[in-house]
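Numbering (this note's numbering), first residue to last: 698 to 1214.
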Ligand code: XMP
């Protein structure tokens, strides 16, 4: 792999994704990992990410200079660039002068490996305090800015490269090309990482892991569990049984998508448990958000365990035991929980509201190496329905936390209608890929006066909550076109009984969260 050494902040994940976009497999390692351990992974190249520290700060992350002497090509970015400069005898000054945001880069070396084919003047994204004033011996300075004399350098012989800016962010106009030059020209790596390879490799790995035993998988309707199940199905066929808990909190058409379209596309064996009544009874009289979440999580586990016990008890004609549980864990989860290759701990599966911790299964996690966009690509290649592959995030507790107030069947039906209209209109306007998600929330305990036809109405408001986001940690409200908002509003108030007002949530996150509960 290409190793991306993580010096904190969020840059490492973005770099790892960019490397994969260049069709080269990448993995993230913490900067605290001993260099010997990094080298044991036999990296084809190493990238040092940016980070929030100054190389002069006490306790700032360091790196053993052995990394530059192992004969592995290294590319330092931002903080990684300054570490490289100081480690190899260059000069980095704590000037106090800061350079943030879009900056003009002057490229001054025609024969440069990194800058080949890019313009002499280009826009790059900077964020640093310290500045490099002299490159280490043996290095050629290839770029500068108005404030920084050494903004990029390279030593082609030793295969060491560095840039002061962030080539991974899209504001650095030629960033991807510079990165690719490092990978292909500097490190001599062939771009061979493709979705097709991922599928083949995973199928082989799953077969080796599971052998002749059986596996089960919980389907939530979301993209991760669907793609994981489809991959495992492709690998082991009828040794896999999927479970879908119909808790009645799904949006319109989503249960059918799983029961019909997903099964048709994959041929998976599916056990559907209709638990709608059970969830409604458990939720009766409850309006506190946290309590609702707890109840939904608890009931989910009960139903899932029951289904799993039945599958085990029923057995199948092979008589093989059920030993494996398939989970749609993604690479960002693995990185964030600090995990390398361990498989033991079961992470609460946020798509389905948390599975019990004491499940006696071994885990099959075929998406552990993948980012979300790669999972979608794999899903597409496996022929999954478009609606599932490009589904927007939806909380495990479903519509249960989009009804402010008690959850009843009637209210769920109202909300399902309103939500379906909003989704239809957003799709028709071509806005699906632009917005991150658009929760529709029913304010079930609020009533307001309206007039419709000749009569007075006294109905509920629904809230539209369209947001744009990169990762759901922060979000901004989406500036939807007025015509689209008008169509949604008109249709909802005309078509959904008891809803006489549509309001728009114009709050960012923070201070508000995306969901209302
Ligand atoms: P908040 O409301 O915290 O939501 O800003 C952030 C993102 O997480 C989703 N969300 C959940 N997803 N189980 C999930 O799988 C949950 O319990 C849950 N709660 C919120 C939410 O839709 C948004 O994308």
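Positions of the beta carbon are idealized from the N, C-alpha and C atoms, including for glycine.
Within its chain, find whatever has a CB closer than 6 angstroms to the CB of residue 1208; leave out the 5 residues flanking it on each side and keep chain order. To locate residue 1208, count along the chain shown from 1; it is residue 511. No residues qualify anywhere along the chain.
With a floor of 4 residues, list each alpha helix (DSSP H) that falls wholly inside the segment 942-987, ordered by position along the chain. 960-963 and 973-980
So the alpha helix (DSSP H) residue 1073 belongs to, where does it begin and stop? Residue 1073 sits at position 376 when you count from the first residue of the chain shown. For residue 1073, the enclosing alpha helix (DSSP H) has its first and last residue at 1069-1078.
So, using beta-carbon positions, are residue 856 and residue 770 closer together than 7 angstroms? Position 159 of the chain shown, counted from the start, is the residue given in the question as residue 856. Position 73 of the chain shown, counted from the start, is the residue given in the question as residue 770. Yes, Cβ-Cβ distance for residue 856 and residue 770 is below 7 angstroms.
Scan the segment 839-902 and note each continuous alpha helix (DSSP H) run of 4 residues or more that stays entirely inside, going in chain order. 872-877
Sort 768, 824 and 802 by Cα distance to residue 794 and report the nearest one. Sequence index remark: in the chain shown, residue 794 carries index 97 (1-based). Nearest option by C-alpha distance: 824.
Tell me which same chain residues have a C-beta within less than 6 angstroms of the C-beta of residue 1105, skipping the five on either side of it? The residue labelled residue 1105 in the question sits at position 408 within the chain shown. Here the set comprises nothing.
Which whole-angstrom value describes the C-beta separation of residue 1197 and residue 1204, a residue pair presumed to lie in contact below a C-beta threshold of 8 angstroms? What you label residue 1197 is simply residue 500 of the chain shown in a count that begins at 1. What you label residue 1204 is simply residue 507 of the chain shown in a count that begins at 1. Residue 1197 to residue 1204, Cβ: 23 angstroms. No contact.
How would you write the range of the alpha helix (DSSP H) that residue 1155 sits in, first residue to last? Within the chain shown, residue 1155 is the residue found at index 458, counting from 1. Counting along the chain, residue 1155 falls outside any alpha helix (DSSP H), though it belongs to the beta strand (DSSP E) covering 1152-1161.
Excluding the five sequence neighbours on either side, which residues of its own chain have a C-beta within less than 8 angstroms of the C-beta of residue 1009, listed in chain order? Within the chain shown, residue 1009 is the residue found at index 312, counting from 1. 1018 and 1019, listed in sequence order.
Closest by CA to residue 752, which one among 781, 766 and 763? Residue mapping note: residue 752 aligns to position 55 of the chain shown, counting from 1. Nearest option by C-alpha distance: 781.
Is residue 1282 near ligand 1 - that is, is its Cβ less than 6 angstroms away from at least one heavy atom of it? Nothing about residue 1282 can be read from this structure; the chain reaches only from 698 to 1214.
Here's the rule: buried if 16 or more other CB atoms are within 10 angstroms of the residue's CB, otherwise exposed. What is residue 1004? Within the chain shown, residue 1004 is the residue found at index 307, counting from 1. Answer is buried; the Cβ neighbour count reaches 16.
With 16 other Cβ atoms within 10 Å as the buried cut-off, status of residue 935: Counting from 1 along the chain shown, the entry for residue 935 is found at position 238. By the neighbour-count rule (16 or more Cβ atoms within 10 Å), residue 935 is not buried but exposed.
Is residue 998 near ligand 1 - that is, is its Cβ less than 6 angstroms away from at least one heavy atom of it? Sequence index remark: in the chain shown, residue 998 carries index 301 (1-based). No, Cβ of residue 998 sits at least 6 angstroms from all heavy atoms of ligand 1.
Using DSSP's beta-bridge definition, name the partner residues of residue 707. Position 10 of the chain shown, counted from the first residue, corresponds to residue 707. DSSP output for residue 707 lists no bridge partner at all.
Under 7 angstroms between C-beta atoms of residue 1200 and residue 1160: Here residue 1200 corresponds to residue number 503 of the chain shown, with the count starting at 1. Here residue 1160 corresponds to residue number 463 of the chain shown, with the count starting at 1. Cβ atoms of residue 1200 and residue 1160: closer than 7 angstroms.
Short of 7 angstroms in beta carbon distance, which residues of its chain neighbour residue 1050, apart from the five on each side in sequence? Order them along the chain. Numbered from its first residue, the chain shown carries residue 1050 at position 353. Reliability of the predicted coordinates at residue 1050 is poor, the pLDDT of 42 falling under 50, and the value obtained from them is presented with this limitation in mind. These residues qualify, in order along the chain: 993, 994, 997, 1093 and 1094.
In the DSSP assignment, what residue or residues form a beta bridge with residue 730? By one-based count along the chain shown, residue 730 stands at place 33. Answer is none; residue 730 lacks a bridge partner.
Are there 16 or more other CB atoms within 10 angstroms of the CB of residue 1032, so buried, or fewer, so exposed? Here residue 1032 corresponds to residue number 335 of the chain shown, with the count starting at 1. Buried, by the Cβ-count rule.
For residue 957, count neighbouring Cβ atoms within 10 angstroms of its own Cβ and tell me buried if that reaches 16, exposed if not. Numbered from its first residue, the chain shown carries residue 957 at position 260. Result: exposed.
When you measure from the CB of residue 816 to every non-hydrogen atom of ligand 1, does any distance come out below 6 angstroms? The residue you call residue 816 lines up with position 119 of the chain shown. It does not: the Cβ of residue 816 is nowhere closer than 6 angstroms to a heavy atom of ligand 1.
Tell me which same chain residues have a C-beta within less than 7 angstroms of the C-beta of residue 1142, skipping the five on either side of it? Position 445 of the chain shown, counted from the start, is the residue given in the question as residue 1142. Cβ neighbours of residue 1142 beyond the five flanking positions: 1101 and 1102.
Could you check whether residue 802 and residue 839 sit closer than 7 angstroms to each other, using their CB atoms as the reference points? Here residue 839 refers to the residue found at position 142 when the chain shown is read from its first residue. Here residue 802 refers to the residue found at position 105 when the chain shown is read from its first residue. No.
Which listed residue (870, 963 and 1184) has its alpha carbon closest to that of residue 798: Taking the first residue of the chain shown as 1, we reach residue 798 at position 101. Closest option to residue 798, Cα to Cα, is 870.
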